[in-house]
Structures are given as structure tokens and as C-alpha cells.
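Q:
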Amino acid sequence: EQSSASNFLQQIISDDLAAGRNEGRVQTRFPPEPNGYLHIGHAKSICVNFGLAEQFGGQCNLRFDDTNPEKEEQEYIDAIQEDVRWLGFQWSGEVRYASSYFEQFYQWALHLIREGDAYVCDLSPEQASEYRGWATKPGKESPYRQRSVEENLALFEKMRAGEFAEGACVLRAKIDMASPNMNLRDPILYRIRKESHHQTGDAWCIYPSYDFAHGQEDAIEGVTHSICTLEFQDHRPLYDWFLEHLPVPNRPRQYEFARLNLNYTVTSKRKLKRLVDEGVVAGWDDPRMPTISGMRRRGYTPAALRKFCDMIGTNRSDGVVDMGMLEFALREDLNDTAARAMCVLRPLKVVITNMGVDAVEMVSAPVHPNNGEMGARSIPFTAELYIDEEDFTEDTSLSRKKFKRLVLGDYVRLRSAYVIRADEVVRDETGVILEVRASLVPGTVGENPPEEIRPRGVIHWVSATEGKPARVRLYDRLFNHEAPDRGDQDFMEHLNPHSLEVIENCWVEPSVASAAPETRFQFEREGYFCIDRYESSPDALVINRTIGLKDTWDR
Ligand code: ATP
Ligand code: MG
Ligand code: MG
């Protein structure tokens, strides 16, 4: 089958297949907790889990690890499914919920009690943590550890029946209070939480811990390779302990890889939630957020995210990936796939004096310079045009090399259209330039001008009468610090005050106005942009800048 293993997980799976383990099955899962939107780190986990299943002809489940009712919401469940699909993956069968196994977990807890492997403990959280000790100090056994099986069964049933207050007691595994691995010092299996659950309603008032649930979920679903991030490495002995002490139908194995950390941002749902809750961004899918839905809205493509996840590799050593790599993957993909168009961000009117006032002349340009299959677009050229105010100067002393744009008295080419000359500037009474009057050089569409005319460069333009106005949002990085959450300061101190600039009266080619939401463009000389998914309409265009053409971030 698969011989090309480029990372350790691929190697493990191909060895397992070669040795005939798991009856030749490969089954992974992506197990988000529905307590927030997915971020770029989750994209990595999705690519790893779904990618391995794809590569080895296996299956990947989407499972909501919903054992914490208070922080979970249906909105997150919906958003997570949408994100996984958008990235281009399909889970096997129905979506799974850890909560649908609650009855089974309860039965397994009873099993542990009957075997003398679990007990109800009444220590307060403070006492319990004191008893637990710390890494170099063995813990002390709880005074409740010696309760009889009958007493434990009766107490645990009462816990389930809601007869105790929250925090009154917990169910713990009886393992080893002296273990050097803190996770094995009689970990908690169940807590009392008098909280409605988004899936099970009020059926339960006790909820399993992550550790008591995760491996058993994997076992129930027939997961063969349970892949998680390195912080769970110390939980693996516990993961295995449960599987060894319970009559589970399958024996999954846990493997860990390094989390993806990206500089100039934060990847923690808790911190991202703060940005949303404190109104720093417009929502989880604000185009500045490192969430999958935010990046989508910004104009990222699934291919760019998958390519990035591939480029950074999958390994076992923690590191920080440069945001520049993500942006590189994005530019590469957009350069190949985005339609070209023209947009004037800061309009300056140019009036062509040697052309009919009402004339509309169509000029043609390729949708993509290197991909003829994307076809051609036709662009209306009219006597009233807009160019960018930064593309014009009256300063005739600027050399041709320094200023390759339009200078009073000199020539420039309008992209895909005529060579023009700026003849005169019209101002209002306060001196502000109202328009530049110019003349076109006849016969220069797609043709060189006569030899004595040397245009300084090529600039973009949009017809002032046939083009459409647009609101353009220029997004930049949300943080101006390389490691916003790794210093002494609160990460909120490192917000980039210039992460959003809204420009109201930009002008775009008519073809842009009729494009579907989420269509991505390269606006010539300006960068990559996309039509906002939600807020744009053909008569009130809202366009997001995805990223500039070049990496100009000042490090
Ligand atoms: P957060 O700290 O942002 O809440 P989490 O790990 O608690 O993240 P989960 O919903 O439990 O979020 O994550 C689902 C899966 O995604 C887990 O298997 C987790 O290991 C993985 N994952 C989360 N963050 C990253 C990351 N930065 N890099 C790689 N995988 C990640
Ligand atoms: Mg988690
Ligand atoms: Mg978390």
C-alpha cells in the first residue's frame, strides 16, 4: 500500500498495516470540544486526522467532545461542521457526540466501582489538591478511599439521582497516590454539574471528565489511532489504564504531535473568545481572527490552508511557525487562482478631453495572465476615469525611475487601455485637486505609442461612469507583537491599532460588482481581495483585503 511516510505518524500507520494490526483498519477522529470556533491550530489537527485516513484508505470521525455543558453551544457545533466541510473533508457516517455515550460511561464507572477500582470522594477541591501533592512530593490517600463497593455504588447512584450539591463529592479512580505521574493520582472520573446539556438536556447531573471519556469514546467508535497534541502525553498512561480496566470493544492507541503555534497571533479558544466578548473584533469570523471562519471571510482558500499545514510538517517538537509562511501559502494559491481586476482605493478623477463625453469603449483584458482558460473580461473605458491619488504628482522633478506613474505633462499607460498624458490640474477654491485633465494617445490600446512617447509606467484605473463604488476593508495583523501571549503583559496589550482601515469610496470594474460573495480577486497593483460573504450586495459592495501582493510586514 503506502510506502511514502514523510512523518512519524505515517510511519506508525504503515508499520501497523504491514504488521496486520487492527485487522488492517485505519480509523482516526477529530474531537473538538464545542466551546468556540475552530482556529488555525485545529485546521492542522483536521488535516492530520482526515489526511491520514485519506492517505491510508481509512475513515475519520468528527466527534464533539461535549462533556463540559456549561461552555458549549449549538452555534459552535454548527460552525465546526461547516469549517471541516469547507476545508474539503468529509467525516465518516454521522457526526458523533461523546454525550451519546453517557449511559455507557456510567455503566463503565459502575464496573470500576465493582472491581474496587473507583470510589466516591468527599474531599473539597482544596483538600483534594492538598492531598494530591506535587511532582516531587507523593500524595496522601483520601480518607474516603477505603469505602466499600456497596457504599460506593449507593453513593454514586445518589450522585446520578441529583441528591448531592455540586462539588459535594466526585467519583475517582483508585490508582496510585504516589505515582510520579500526577494524572495517575486517583484522577476524577465524574463531577456533579447541575447544568443543562445542549444534547442531553437535563438527563444528567453528573458529567465524566475528559480523561474518563476520551479513550472510551475512541474505543466505542473503533478508532485505531487517536492523535492528539503533546500536552496529552502525560495522560497516555491513564488513557491506557482505563482501556485495560474496562471491558471495551476495541483497543485504540494514542499518539501525540506538536501543537501548531503561530507568531503574531493567539490560538486558544479562550483568548479568542475574549476578543469576541470584549468587542475587539466583530465576531468569531471577523477577518482578522485566526479562526477558520475568519480566515475564510478574509479570503483564504481551503487549498492555501491545507498547503500550509502540509508545509509545516507534523512532528514531535514544539516550535513557533512564522505567520509569513501562512501568508506565503496564501499568496501562492491566490496568485494561481484569483481573477484579476482593477480597483481604485483612493480615487482621483481624470477627464480625457479628446474623447466623446458619453462614449463607452470596451477594452479587453485576460482574467488571469497565465491561465487562458479563465477567459477574458471586457472593461468599459470612458472619458471620466478614476486613478489612485498616489499614482499622480505635479512634481515634474521626480525622475522616471523614482516615479513610474502619472506626472503632470508626462505619459503613463492605463492598464489594458490607452497611453495618456496629464495636461492640466483643476482645483477648487481651497486648492484641493478636483480633477486631472488628460489626453489619450490614439491607437495605443494593445499597441506601442510612437517612439518619442515614453510612458513612465503602467497604472490601474476604473471608469467613473461605468465602474461601481465599493467599501473596502483593509485588514492587517491583529497583533503587532511576535508573541502576544508569551510575555508578562496581557495579550490584549499587543493589539495592532491599525488592524482595520475602512475606505468608503473605492471604485471597481463592473465585473467585480456582479461577482458572487466570496469571489477572490487580485486587484492589480493592490493585492488580494474578496467579496464579503455576508455584508456585500451588488449595489452596496463590501470587499475585504485578504493580503497585499508582497510581504511588507515590518518585523
Ligand atoms: P484550545 O486550547 O484552543 O481550546 P483545545 O485543544 O482545547 O484548543 P479542542 O476542541 O479540544 O481544543 O481541540 C480538538 C483537537 O484539535 C484536539 O485533538 C487538539 O489536540 C487539536 N488542536 C487544538 N489546538 C491545536 C493546535 N494549536 N495545533 C494542533 N492541534 C490542535
Ligand atoms: Mg480540549
Ligand atoms: Mg480548550
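Counting from 1 along the sequence shown, just add 4 to a position and that's the residue number in the UniProt record's numbering.
Here a beta-carbon is modelled for each residue, glycine too, at the ideal position from N, C-alpha and C.
These numbers were taken from a predicted model, which means no experiment stands behind them.
Just the C-alpha distance for Asn-452 and Gly-461, rounded to the nearest angstrom, thanks.
A: The sequence position of residue 452 within the sequence shown is 448, counting from 1. The sequence position of residue 461 within the sequence shown is 457, counting from 1. Taking the straight line from one Cα to the other gives about 13 Å.
Q: With 16 as the cutoff for other CB atoms within 10 Å, does Leu-389 come out buried or exposed?
A: In the sequence shown, residue 389 corresponds to position 385, counting from 1. Leu-389 should be labelled buried.
Q: Rounding to the nearest angstrom, what Cα-Cα distance links residue 560 and Ala-442 in this structure?
A: Past the boundaries of the shown model lies residue 560; the chain is included only from 5 to 559, so the question cannot be answered.
Q: Do you know whose CA, among Pro-488, Gly-413, Pro-473 and Ile-210, lies nearest Ser-541's CA?
A: On the sequence shown, position 537 is the one that residue 541 refers to. Of Pro-488, Gly-413, Pro-473 and Ile-210, the residue nearest in Cα terms is Pro-473.
Q: Using CA coordinates, which residue listed in Leu-545, Ala-345, Trp-245 and Lys-75 is at the minimum distance from Gln-258?
A: For the purposes of this step, residue 258 is taken as residue 254 along the sequence shown, with counting starting at 1. Comparing Cα-Cα distances from Gln-258 to each of Leu-545, Ala-345, Trp-245 and Lys-75, the minimum goes to Trp-245.
Q: Within 10 Å of its beta-carbon, does Ile-457 have 16 or more other beta-carbons around it, so buried, or fewer, so exposed?
A: Counting from 1 along the sequence shown, the entry for residue 457 is found at position 453. By the 10 Å Cβ count, Ile-457 comes out exposed.
Q: Relative to ligand 1, what is the chain-ordered list of residues with a Cβ closer than 5 Å to any of its non-hydrogen atoms?
A: Here the residues come out as Pro-36, Glu-37, Gly-45, His-46, Lys-48, Ser-49, Cys-232, Thr-233, Arg-263, Leu-264, Thr-271, Ser-272 and Lys-273.
Q: Excluding the five sequence neighbours on either side, which residues of its own chain have a C-beta within less than 6 Å of the C-beta of Val-214, listed in chain order?
A: Counting from 1 along the sequence shown, the entry for residue 214 is found at position 210. The sequence shown places Tyr at residue 214, rather than the Val named in the question. So the list is empty, once near-sequence residues are dropped.
Q: When DSSP labels each residue in this structure, what does Leu-553 get in the three-state scheme?
A: For the purposes of this step, residue 553 is taken as residue 549 along the sequence shown, with counting starting at 1. In the structure shown, Leu-553 sits in coil (DSSP, three-state: anything other than H, G, I, E or B).
Q: So, at 6 Å on beta carbons, what are the nonlocal neighbours of Arg-67 in its own chain, with the 5 sequence-adjacent residues on each side left out?
A: On the sequence shown, residue 67 is found 63 positions in, with the first residue counted as 1. These residues qualify, in order along the chain: Arg-33, Pro-35 and Arg-100.
Q: Could you check the C-alpha separation between Asn-39 and Ala-83 for me, to the nearest Å?
A: Position 35 of the sequence shown, counting from 1, holds the residue named residue 39. Position 79 of the sequence shown, counting from 1, holds the residue named residue 83. Computed Cα separation, rounded: 11 Å.
Q: CA-CA distance, residue 567 and Met-366?
A: A question about residue 567 goes unanswered here, because the residues of the chain that appear run from 5 up to 559.
Q: Take His-502 and list the residues in its own chain whose beta-carbon comes closer than 7 Å to its own, dropping the five residues that flank it on each side.
A: Numbered from 1 along the sequence shown, position 498 holds the residue referred to as residue 502. Correct list, in chain order: Asp-480.
Q: By how many angstroms is the C-alpha of Glu-513 removed from the C-alpha of Thr-269?
A: The residue you call residue 269 lines up with position 265 of the sequence shown. The residue you call residue 513 lines up with position 509 of the sequence shown. Near 34 Å, if we compare the C-alpha coordinates of Glu-513 and Thr-269.
Q: To which residues of the same chain is Asn-53 closer than 8 Å at the C-beta, ignoring the five residues directly before and after it?
A: Here residue 53 refers to the residue found at position 49 of the sequence shown. Cβ neighbours of Asn-53 beyond the five flanking positions: Thr-32, Arg-33, Phe-34, Cys-64 and Ile-231.
Q: Entirely within the segment 115 to 147 and at least 3 residues each: give me those beta strand (DSSP E) ranges in chain order.
A: Within the segment 115 to 147, the complete beta strand (DSSP E) runs of at least 3 residues are 122 to 125.
Q: Express the C-alpha separation of Pro-521 and Thr-386 in angstroms, rounding to a whole number.
A: Numbered from 1 along the sequence shown, position 382 holds the residue referred to as residue 386. Numbered from 1 along the sequence shown, position 517 holds the residue referred to as residue 521. Spanning the two alpha carbons is a distance of roughly 27 Å.
Q: If I measure Cβ to Cβ from Val-174 and keep anything under 7 Å in the same chain, skipping five residues before and after, which residues do I get?
A: The residue labelled residue 174 in the question sits at position 170 within the sequence shown. Once the five neighbours on either side are set aside, the close Cβ partners of Val-174 are Cys-125, Ile-192, Tyr-194 and Arg-195.
Q: Along the chain, where does the alpha helix (DSSP H) that runs through Tyr-80 open and close?
A: Here residue 80 is taken as the residue at index 76 of the sequence shown, counted from 1. 78 to 90 is the extent of the alpha helix (DSSP H) around Tyr-80.
Q: Please specify which runs of the beta strand (DSSP E), each continuous and at least 3 residues long, are wholly inside the segment 156 to 201, giving them in chain order.
A: Fully enclosed beta strand (DSSP E) runs of 3 or longer: 174 to 177 and 192 to 196.
Q: Since Ile-44 and Thr-271 are thought to touch, with beta carbons under 8 Å apart, how far apart are those beta carbons, to the nearest angstrom?
A: As a working mapping, residue 44 is identified with position 40 in the sequence shown. As a working mapping, residue 271 is identified with position 267 in the sequence shown. Rounded, the Cβ-Cβ distance is 6 Å, consistent with contact.
Q: When the Cα atoms are used, what is the spatial distance from Val-285 to Ile-296?
A: Position 281 of the sequence shown, counted from the start, is the residue given in the question as residue 285. Position 292 of the sequence shown, counted from the start, is the residue given in the question as residue 296. Those two C-alpha atoms are separated by around 15 Å.
Q: Could you tell me the boundaries of the alpha helix (DSSP H) in which Gln-14 lies?
A: The residue given as residue 14 occupies position 10 in the sequence shown. Looking at the DSSP string, the run of the alpha helix (DSSP H) that includes Gln-14 is 12 to 22.
Q: Output yes if chain C places a C-beta closer than 9 Å to the C-beta of Phe-495; else output no.
A: Chain labels in this structure do not include chain C; a single protein chain is all it has.
Q: Out of curiosity, what's the CA-to-CA distance linking Cys-510 and Phe-483?
A: As a first step, residue 510 must be located in the sequence shown, where it is residue number 506. As a first step, residue 483 must be located in the sequence shown, where it is residue number 479. Distance between the alpha carbons of Cys-510 and Phe-483: 26 Å.
Q: Within 8 Å, do at least three Cβ pairs link the segment 344 to 352 to the segment 426 to 433?
A: Judged by Cβ distances under 8 Å, the segment 426 to 433 makes no contact with the segment 344 to 352, as fewer than three pairs qualify.
Q: Just to confirm the assignment, what range does the alpha helix (DSSP H) spanning Pro-514 have?
A: Along the sequence shown, one-based indexing puts residue 514 at 510. Per DSSP, Pro-514 belongs to the alpha helix (DSSP H) from 514 to 517.
Q: Hey, how far is the Cα of Gln-59 from the Cα of Ser-18?
A: Indexing the sequence shown from 1 puts residue 59 at position 55. Indexing the sequence shown from 1 puts residue 18 at position 14. One C-alpha to the other measures close to 10 Å.
Q: Would the segment 104 to 117 and the segment 217 to 237 be scored as touching if the rule is three or more Cβ pairs under 8 Å?
A: Cβ pair count under 8 Å is three or more, so yes.
Q: What span of residues does the alpha helix (DSSP H) with Ser-49 cover, start to end?
A: Within the sequence shown, the letter at position 45 stands for residue 49. From DSSP, the alpha helix (DSSP H) with Ser-49 extends over 44 to 59.
Q: Return the CA-CA distance between Ala-22 and Arg-29, expressed in angstroms with no decimal places.
A: Taking the sequence shown and counting its residues from 1, one reaches residue 22 at position 18. Taking the sequence shown and counting its residues from 1, one reaches residue 29 at position 25. Those two C-alpha atoms are separated by around 11 Å.
Q: Residues in the same chain with beta-carbon distance under 7 Å from Ala-544, minus the five sequence neighbours each way, listed in chain order, please.
A: Residue mapping note: residue 544 aligns to position 540 of the sequence shown, counting from 1. If we look at Ala-544 and ignore the five residues flanking it on each side, it has no Cβ neighbours.
Q: Here's a check: name, in chain order, each residue in its chain whose Cβ is nearer than 8 Å to the Cβ of Leu-276, leaving out the five neighbours to either side.
A: As a working mapping, residue 276 is identified with position 272 in the sequence shown. Result list for Leu-276: Gly-40, Tyr-41, His-43, Val-270, Trp-288, Met-293, Pro-294 and Thr-295, in chain order.
Q: Consult DSSP for Ile-457 and reduce its assignment to one of helix, strand or coil.
A: For the purposes of this step, residue 457 is identified with residue 453 of the sequence shown, where counting begins at 1. Looking at Ile-457 - three-state DSSP - the assignment turns out to be coil, as it is neither helix nor strand.
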